[in-house]
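In what follows, a single structure is set out as structure tokens and then discussed.
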Amino acid sequence: MSSLLEVEGLNVWFDLEGERELHAVQGVGFALEPGERLGLVGESGCGKTTTVLGLLGLLPPSASVAGSVLLNGVDILAGGEESIRPHRWVDLAIVFQGAMNALNPVKTVGSQIVEVLELHERARGREARTRTSELLESVGIPADRAERFPHEFSGGMRQRAAIAMALACNPSVLIADEPTTALDVMVQAQILELLDSLCRDFGLALLLVTHDLPVVAELCDRAAVMYAGEIVEHGPVDALYHEPRHPYTRLLFAATPDLYGEGVPASIPGAPPRLDRPLVGCPFHTRCDRAFGRCTHERPLLRELEGSRSAACHLNDVVAEVV
Amino acid sequence: MRGADYIVKRVVFALLTVFVAITINFALFRLAPGSAVTNLARVPHATPETRLAIKRQFGLDKSKFQQYWIYLGQLFRGNLGVSFANSQPVATNLRTALINTIPMVLIGTVFAILLGTLTGVIAAWRRGTKAEGASVTTALAFYSMPTHWLGLMLVILFAGVLPTGGMSNEFLLNPSFSTHVKDLAEHIALPSLTLGLVLYGEYTLIVRSAMLETLGEDYILTARAKGFRAGAILRRHALRNAMLPIATLVALSLGYIVAGAILVETVFSWPGLGRAVYDAVLQRDYPMLQGAFLLLTISVVFFNLVADLLYFKLDPRITT
Ligand SMILES: Nc1ncnc2c1ncn2[C@@H]1O[C@H](COP(=O)(O)OP(=O)(O)OP(=O)(O)O)[C@@H](O)[C@H]1O
Ligand SMILES: [Mg+2]
């Protein structure tokens, strides 16, 4: 049986000046079952947004994409723009990073929801406006605000409106790219709670992109940890937290203060490698506290481990519980 | 209602601007060297009595303040004075010139706006392609061409095909209406084309940069993620938002229609306002110049006001 959404071997290269290329996403793959929640985590610049835009076919012309994106077993990337467009918003809806500007400032919030209902022929005219009111109310925005413009909304309200908009066509997968980054802590918690309950109520599968591990721990079933364009560890959130099988995962959790603010936020020394030149060895070896000879010249592959998880680290070949 | 104050404030400000401009306009002409009398008399050895008589006739013997007061009073009654050059009321002269200028400049400007918007949108939409390169290069080339030079080139190119001077064929006797219109259209073609070509490049560049800025916005990405086709995104989101700076530019440049195009009108002997200003300068025809400047001021201020109000209408974010 095929998964709801299955991404296989996704690669993205950006053309840079002077014939150079930046390999931003390197063979990323994951699957999402109906109602499942997957967190995609990693430091800034590791390719989370590029992965998400790539699987929706939304990257700029300077990007080349390879790999497949299967929706219920059908490759939607293969046929280019024409094959993917019918699935946008209908099957795969997205709430963008920094949704402050994701709404058009010269159109009312309501009209931006109505237009997508009409585009995908879910409702039109009065019916579409009624549906819009319902959607707004379902995210806690009074229906009469539909006639207001985005600048009349607070940041949290705008993000709620963006979520309501994403739900308009009852998608099966909701992608949220750092939905709370620009918001203050109280509002962040509210938005996350909202996402949580909506996913439950609507049976949505969620792909949550964030660099905030506690958020993933709270909201997601599984997590994929990205580093320098590739997934380095993937598995159930609990397993990743208690028993990381990649040093980066361990350091990432250690770098995050826990929910009660205990523990000092540490940072991982060093910086990720540049992606515009070929990598030799493990991409993480320069920052890794457990690197050994093999790491400097042989790139570890993502390998299946017990307990429906996988990791890309040579240490897993040496002894089981070392990381 | 949103903006009642805004509109009142803008209108009051516009009126104030016009008043200040009128005053400066008056003062400026009294500061200019040379006197109308020396030019008007055209009698090398006029007696002091003659000079005085002329001065009296034109009110130049009164104090500057009195002159200003009289000027304001007459303005209020719509009297712009009498031309020193042809002794006709300035208002009549201006009206004739304006009626000749408006269609010529309007056709040129509309041509420029349409061509500029089209090529600008193409350049932005086809970013990084040959189409963009061609559009921008051509626009820059026309933008930097001197008006009179382009006019002369068109004269050379089209001489014999289209009339190159004046507004109508003087030798058509009692032409039928359709012949008259055809004759006018032929005469208006070259000056309008010259003006349009000189103006359009600027529109291309501005429309292109406004579009590029808009196309890079997050809400355009949202529109794509929603499943809109490229054309629909252009129409529904990009054009609508890029229209903000463009609408302002259009409104502002309409303000200069009244100024006519001195160079174009001179090259093509078009009897419009630009030519009238040019002649008035040569003849030191104060009242004519003052009248023309007044007209120009009012039109610029008026279209500025229109631009402000338009922007206000188009952009819901403006509240004050
Ligand atoms: N349009 C582009 N052209 C060239 N390089 C790009 C482009 N977009 C992204 N990149 C590069 O691709 C890499 C991945 O960027 P991406 O935005 O996907 O990271 P991210 O994980 O989403 O980071 P953040 O947490 O900051 O959002 C970065 O090195 C970035 O510089
Ligand atoms: Mg990102």
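Each protein sequence line maps, in turn, to chains A and B.
First residue of the first sequence? That's -13 in this note's numbering, and the numbers climb one at a time after it.
First residue of the second sequence? That's 20 in this note's numbering, and the numbers climb one at a time after it.
Glycine included, every Cβ here is placed at the ideal spot set by N, Cα and C.
None of these values were measured; they are calculated from a predicted model.
Those residues having their beta-carbon less than 7 Å away from any non-hydrogen atom of ligand 2 are, in chain order, A:Lys34, A:Thr35, A:Gln83, A:Asp163, A:Glu164, A:Val195. If you draw a straight line from the Cα of Arg289 of chain A to the Cα of Glu216 of chain A, it is about 13 Å long.
Of the heavy atoms belonging to ligand 1, at least one sits nearer than 7 Å to the Cβ of Ser48 of chain A. Between Asp24 of chain B and His137 of chain A, the alpha-carbon positions lie close to 20 Å from each other.
For the set A:Phe278, A:Pro157, A:Gly293, the Cα lying nearest the Cα of Pro286 of chain A is the one of A:Phe278.
If you check the C-beta of Phe0 of chain A against ligand 1, you find a heavy atom less than 7 Å away.
A Cβ-Cβ separation of about 6 Å places Val27 of chain A in contact with His197 of chain A under the 8 Å criterion.
Residues of chain A with a Cβ closer than 8 Å to the Cβ of Leu333 of chain B are, in chain order, Val92.
Here Ser54 of chain A is bridged, per DSSP, to A:Glu(-6). At a cut-off of 7 Å, the beta-carbon of Cys185 of chain A does not count as near ligand 1: no heavy atom of the ligand is closer than that.
With the rule of 3 Cβ pairs closer than 8 Å, the stretch 105 to 119 of chain A does not count as touching the stretch 256 to 276 of chain B. Legend: CB atoms of the stretch 221 to 250 of chain B lying less than 9 Å from CB atoms of chain A belong to residues Glu236, Asp237, Tyr238, Ile239, Leu240, Thr241, Ala242, Arg243, Ala244, Lys245, Gly246, Phe247, Arg248, Ala249. In the pairwise beta carbon analysis, the stretch 110 to 119 of chain B is classified as not touching the stretch 243 to 250 of chain B: fewer than three pairs are separated by under 8 Å.
By alpha-carbon distance to Leu94 of chain B, the top candidate from B:Leu117, B:Val200, B:Gln309, B:Leu234 is B:Gln309. Between Pro306 of chain B and Met186 of chain B, the C-beta spacing is not below 8 Å. For the pair of segments examined, the stretch 257 to 271 of chain A was found to touch the stretch 211 to 226 of chain A: the number of CB pairs separated by less than 8 Å reaches three. Contact between Ala142 of chain B and Ala150 of chain B is confirmed by a C-beta separation of about 7 Å, below the 8 Å threshold. Non-local beta-carbon contacts of Arg280 of chain A in its own chain, meaning distances under 7 Å to residues more than five positions away in sequence, involve His300 in chain order. Collapsing the DSSP output to three states places Ile161 of chain A in a strand. Annotation: the continuous alpha helix (DSSP H) that includes Glu67 of chain A extends over 66 to 70. Within its own chain, the residues whose Cβ lies closer than 6 Å to the Cβ of Leu8 of chain A, once the five positions on either side in sequence are excluded, are Phe0, Leu2, Leu261, Asp262, listed in chain order. Between the C-alpha atoms of Ser54 of chain A and Leu24 of chain A there is a straight-line separation of about 18 Å. Here the C-alpha atom of Arg6 of chain A lies approximately 27 Å from the C-alpha atom of Val211 of chain A. Counting only runs of at least 4 residues, the stretch 215 to 271 of chain A fully encloses the following alpha helix (DSSP H) elements, listed from N- to C-terminal order: 223 to 228, 233 to 240. In terms of beta-carbon proximity, Arg254 of chain B stays away from the interface with chain A, with every pair separated by 8 Å or more. Inclusion of Ser163 of chain B and Thr223 of chain B in the CB contact set at 8 Å is not warranted, their separation being larger than that value. In this structure, DSSP gives Gln12 of chain A an extended state, which the three-state scheme calls strand.
Note on Thr37 of chain A: 16 or more other CB atoms within 10 angstroms of its CB, so buried under the neighbour-count rule. Relative to ligand 1, the beta carbon of Cys274 of chain A is positioned no closer than 7 Å to any heavy atom. Chain B has no Cβ within less than 8 Å of the Cβ of Leu8 of chain A. Not a single C-beta of chain B is nearer than 8 Å to the C-beta of His232 of chain A. Where Glu290 of chain A is concerned, the enclosing beta strand (DSSP E) starts and stops at 289 to 291.
Against chain B, a Cβ distance below 7 Å from Leu42 of chain A picks out Ala244.
Beta-bridge analysis with DSSP links Phe0 of chain A to A:Leu8, A:Ala49.
DSSP, reduced to helix, strand and coil, places Ala168 of chain A outside both helices and strands of the structure shown, so it counts as coil. Boundaries of the alpha helix (DSSP H) around Gly135 of chain B: 109 to 144.
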